[in-house]
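With the UniProt record's numbering applied, the sequence shown covers 1 to 56.
Backbone N, C-alpha and C fix where the C-beta goes; we use that ideal spot for every residue, glycine too.
Only one structure is covered here, and it is reproduced in the block below.
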Amino acid sequence: INDIDGVKIDFADKWVHLRKSNTEPIIRVYSEASTMEAAEEIGQKIMDVINELAKK
């Protein structure tokens, strides 16, 4: 986990980077993996966790 300019979480074959927008009241989620489907899946999982935490 790297927390420079947001939070980047590295996995064995993919990563996801979260950072707050400086221009909008949102959290930006970037992800990369070997396939588009894998990148979208890890990005969605992280967004689901964020949404659950926001409800508390």
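If I'm right that residue i touches residue j with Cβ under 8 Å, what's the distance once you round it to whole angstroms?
i	j	result
R19	D5	6 Å
Could you give the DSSP three-state label for residue i: helix, strand or coil?
i	result
N51	helix
E32	strand
I46	helix
Quick one: what's residue i bridged to in DSSP?
i	result
N22	Beta-bridge pairing links N22 to no other residue.
I9	V16
Verify whether the separation of the beta carbon atoms of residue i and residue j is less than 7 Å.
i	j	result
S31	V16	yes
D13	S34	yes
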